[in-house]
Amino acid sequence: MSASAGNAPAATPAEVDPFDSNSEARYDAFATLRARGPAHTVPSGQRFFVHRSAVEQGLKSVDHFVGSFGDVGQSKEEDTLLAAIAEPRHGKIRKLFNSALAYNHASQVEPFTRRYAEARLDDALAECRRAGGTEIMEAFARRIPSAVIAEVLGIPNDRIDDFARWSDEVLQRQSQADGINAPIADLHPEFSSYLEARIDERIAAADPPNDMITRLLRAEVDGERLSRRAVLTQTIFLIVAGNETTRNLLGNLIHRLAEVPERYAALRANRELVANAIEESLRFDSPVQLLARTCTKKIEVGGVRVNPGERVLYSIASANRDERCFPDPDTFRLDRPRPRDHVAFGAGPHVCPGAFLARMEARVALETLLDRVARIELAPGHAFDPNPVFWALGPRTLRVRLIEEGS
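When you read off a place in the sequence shown, starting at 1, and then add 803, the result is the number in our numbering.
Shown next as structure tokens:
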């Protein structure tokens, strides 16, 4: 791919708003746009890439883009989210995250996740027996990611409900016009104050717990430790991103299995399809629908020139439904070949650092359901109720019937 943008064509105008809350309408529009070309200009003025090849190329071009919905270069590094830190600094800080996440995952998080999922399913089944159904997002899917991230961070699990609420409120504030460029650590004073107290406890302790916060505080980048503020910023980012993405993955997956009960029956009959079901959910209903990047050096993406300072949008949703890569892309298939051949977690060096954790949570949650629930059905009159976050897709509420073996 050439990085010389001299004679590359411009993007064409698009009649679709990628921020439209109607996901099904978006998918129809994306198919139309893909037929016209790899890139388009949306009403907000940004370049909008819809071909899988262009999206993947752009996401892998980390020397030409930094990740941001807001203004790049106006914040100190300690206020900059990991995705928006330029290389090579990004890679060095990311290694700290990978190390801390891998340590906790290997030593304790999966057994904890299974115990917690089983306890939450107990509650959901009790509600089904009592009321004929349950709000599965509140009872099950919304709580698991908050509990897991609290475990990773070494935070008491009596704050799990607060974590879920605070994460939602941060996203709502960040989605507002005056919140896009605000440091994430300043968006929710209650949330930040709580985490600052946990950070300070570890700084003051002679023998702090060997959790992720402690490991970030002790690690060095270019011979220097991360500042207290930088650890706060990246901790909030980890909590919010991990909560939103994994909750949406769980909600979308349960929705598709309840929508067509035969899918759930197929998983009960063949547990080897569990991993395929998770990957197909990630492809079909991508929890992160689009990623924003700001160009730092001129480049061609999908044959379209992009100049320094331009903001672009990469449609993960469109890339994962691209008929050039996926036969019958608008069908949810448990037997899809190469099930991981999607970009739901991004691509290249900046792929989501918590992807393996999200997959583990989804697998454990689904196995817990399969062990104890014979059938899942949508409640009568159900209509998909999406979360009001413009870059994400997942149900805000999802009422289902969980039918136990022998019922």
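Glycine included, C-beta positions come from ideal geometry on N, C-alpha and C.
Each of LEU899, VAL869, ARG1178, CYS1098 was checked against the Cα of ALA1061, and the nearest Cα belongs to ARG1178.
Only exposed fits GLU993, as fewer than 16 other CB atoms lie within 10 angstroms of its CB. Within the stretch 1056–1132, the complete alpha helix (DSSP H) runs of at least 4 residues fall at 1064–1072, 1077–1087, 1119–1122. Looking from the CA of PHE1193, the closest CA among MET1015, LYS898, SER1121, LEU1094 belongs to LEU1094.
The beta carbons of ALA1195 and VAL1091 sit about 6 Å from each other, so the pair counts as a contact at 8 Å. Look at ARG1199 here: in three-state DSSP terms it is strand. Rounded to whole angstroms, the gap between the alpha carbons of VAL853 and VAL1063 is 29 Å. Taking GLU859 as reference, the option from LYS895, GLY1054, ALA929, PHE1148 with the minimal CA-CA separation is PHE1148. By a beta-carbon distance limit of 8 Å, ASN1046 does not contact PRO1198. Their separation comes to about 14 Å. ILE1016 carries a helical assignment under DSSP once its states are collapsed to helix, strand and coil. By the Cβ test, the stretch 952–962 is not in contact with the stretch 1170–1186, since fewer than three Cβ pairs between them sit closer than 8 Å. About 22 Å separates the Cβ atoms of CYS1128 and PHE868, ruling out a contact at the 8 Å cut-off. Between the alpha carbons of PRO1152 and ALA1158 lies a distance of about 13 Å.
Relative to PHE1135, the option among GLU1083, ASP971, ALA1000, PHE833 whose CA is nearest is GLU1083. Sorting ASP866, GLU890, GLY870 by C-alpha distance to the C-alpha of TYR1117 places GLY870 at the top. For ASP866, the three-state secondary structure derived from DSSP is coil. Residue range 1176–1181 is occupied by the beta strand (DSSP E) that includes ALA1177. Per DSSP, reduced to three states, the secondary structure at VAL1024 is strand. From the listed residues ASP1025, GLU1075, THR1048, the smallest Cα separation to ASP1138 is found for GLU1075. A Cβ-Cβ separation of about 5 Å places ARG1202 in contact with GLU938 under the 8 Å criterion. Per DSSP, the unbroken beta strand (DSSP E) holding ALA842 starts and ends at 842–844. Here the alpha carbons of ILE1206 and ALA988 stand approximately 43 Å from one another. Contact check for ASP1025 against LYS895 passes: the beta carbons are separated by less than 9 Å. Within the same chain, Cβ atoms closer than 7 Å to the Cβ of LEU998 are found at LEU1035, THR1038, ILE1039, the five residues on either side in sequence being excluded. Assignment of PRO992 by DSSP, reduced to helix, strand and coil, places it in the helix class. By the CB criterion at 9 Å, ARG850 and VAL1109 fall inside the cutoff. Partner residues in the beta bridge of ARG850, as assigned by DSSP, are THR844, VAL1115.
Of the candidates VAL1104, GLY840, VAL1043, VAL1043 places its Cα closest to the Cα of ALA1161. Around the C-beta of GLU941, 16 or more other C-beta atoms lie within 10 Å, and the residue is accordingly described as buried.
Taking the Cα positions, LEU1029 is about 41 Å away from ARG829. Taking a C-beta distance under 9 Å as the contact criterion, LEU885 and HIS893 qualify as a contact pair. Positions of the alpha helix (DSSP H) runs, each at least 4 residues long and wholly inside the stretch 891–930, are given as 892–907 in order along the chain.
The straight-line gap separating the alpha-carbon atoms of ARG932 and VAL1176 is approximately 13 Å. The C-beta of ASP1131 has fewer than 16 other C-beta atoms within 10 Å across all chains shown, which makes the residue exposed.
In summary, GLU1164 is buried, with 16 or more beta-carbon neighbours lying within 10 Å of its beta-carbon over all protein chains present.
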